[in-house]
Ligand code: 2RA
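In full-length UniProt numbering, the protein residues as written are 1 to 334.
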């Protein structure tokens with residue numbers, strides 16, 4: 001089983017290496033690809049050094065079985081043919097193919113079987129906010145069809161990459177030292193601030209990030225579910241938080257929703273208000289699961305349930321989900 005990582009030097013690429021190692025993915029060979037700037041760097045994996053090859057339109061993917069790609073949408077579009085032409089399956093973390101009806105969009109806990117239908121040899125990894133949300137929606141959908149969702153996301157700097165995380169760290173220092181704050185990666189200073197815009201605005205007043213939550217959720221859940229999202233950048237390093245409100249066809253109790261969460265793979269419930277127990281990003285970065293809490297009935301709608309969720313944007317929001325798709329693809333080949 002030969003695995004390729006494309007974009008290995010980025011935050012998600014580095015996490016892909018970690019996840020493959022930690023989960024002892026049964027690979028027999030590993031090949032790393034990156035930009036001209038990254039070429040020649042080396043990374044250790046299971047005690048062996050691997051050199052980054054410059055990604056080029058050649059036959060380097062000839063004997064690759066699965067390529068984990070996280071190098072931006074432009075690179076994915078440009079290199080999809082080169083990566084897949086010899087038969088490799090491309091698991092793509094960019095938004096390039098997510099809404100292509102020839103490409104499955106997969107969160108293994110929700111719609112793993114979709115990964116088996118790959119006419120283009122491409123499987124798309126959903127947007128981090130969508131992954132986190134649909135993991136929490138699936139157990140509720142199994143109790144009663146979800147008609148609509150309102151969600152506000154509180155997205156960490158990691159969603160904009162390693163350099164954005166570094167900028168937030170630097171801004172916090174600059175604020176603490178009373179110095180002028182350097183602003184490059186975001187439209188405004190992020191430290192001590194909230195920015196209610198992620199990606200560009202579309203013609204309906206929603207941003208592309210918010211429309212991803214609408215469109216991707218319908219595709220993954222094979223549902224007419226309506227999602228209205230407000231996506232906000234917050235001064236947090238690497239875990240996204242979401243405040244979610246769902247309306248279901250049938251009235252549900254908090255107890256049956258909590259039990260459904262507790263029994264669902266990939267979810268951990270932290271929900272004890274009396275003990276001030278609820279998920280918080282500061283304490284959950286680096287974890288694999290989606291954490292849910294603040295589970296309660298909506299006071300304004302008997303068929304409404306509200307809850308809070310936190311999950312690591314780089315792990316379950318990107319690298320872990322991609323590796324779990326790869327694990328699903330090979331599960332009967334061991
Ligand atoms: C973000 N979801 O958080 C977007 C891309 N990772 O910036």
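No residue lacks a Cβ here, since even glycine has one placed at the ideal position from N, Cα and C.
Rounded Cβ spacing between residue i and residue j (contact assumed at less than 8 Å)
i, j, result
"residue 328", "residue 234", "With 8 Å as the limit, residue 328 and residue 234 do not qualify as a contact, their Cβ atoms being about 32 Å apart."
"residue 108", "residue 325", "6 Å"
"residue 149", "residue 246", "5 Å"
"residue 194", "residue 232", "5 Å"
"residue 77", "residue 96", "5 Å"
"residue 296", "residue 254", "6 Å"
"residue 319", "residue 81", "Between residue 81 and residue 319 the Cβ distance is about 24 Å, and since that is not below 8 Å, they are no contact."
"residue 45", "residue 4", "With 8 Å as the limit, residue 45 and residue 4 do not qualify as a contact, their Cβ atoms being about 13 Å apart."
"residue 344", "residue 136", "A question about residue 344 goes unanswered here, because the residues of the chain that appear run from 1 up to 334."
Distance cut-off 8 Å: residue i Cβ against heavy atoms of the ligand 2RA
i, result
"residue 198", "yes"
"residue 306", "no"
"residue 209", "yes"
"residue 125", "no"
"residue 156", "yes"
"residue 202", "no"
"residue 67", "no"
"residue 34", "no"
"residue 129", "yes"
"residue 88", "no"
"residue 73", "no"
"residue 22", "no"
Residue i classed as buried or exposed, judged by whether at least 16 other C-beta atoms fall within 10 angstroms
i, result
"residue 307", "buried"
"residue 279", "buried"
"residue 21", "exposed"
"residue 188", "exposed"
"residue 242", "buried"
"residue 202", "exposed"
"residue 36", "exposed"
"residue 142", "exposed"
"residue 204", "exposed"
"residue 277", "exposed"
"residue 217", "buried"
"residue 252", "buried"
"residue 271", "buried"
"residue 196", "exposed"
"residue 125", "buried"
CB contact check: residue i to chain B, cutoff 9 Å
i, result
"residue 59", "This model lacks chain B altogether; it includes just one protein chain."
The ligand GTP heavy atom lying under 8 Å from the CB of residue i
i, result
"residue 10", "In terms of ligand content, the structure shown lacks the ligand GTP and carries the ligand 2RA instead."
Only counting runs of 3 or more residues, tell me where the beta strand (DSSP E) segments fall wholly within the segment 197-284, in order along the chain. 226-233, 239-248, 267-269
Taking the runs of the beta strand (DSSP E) that are 3 residues or longer, which of them lie wholly in the segment 42-123? 42-45, 48-54, 66-69, 89-92
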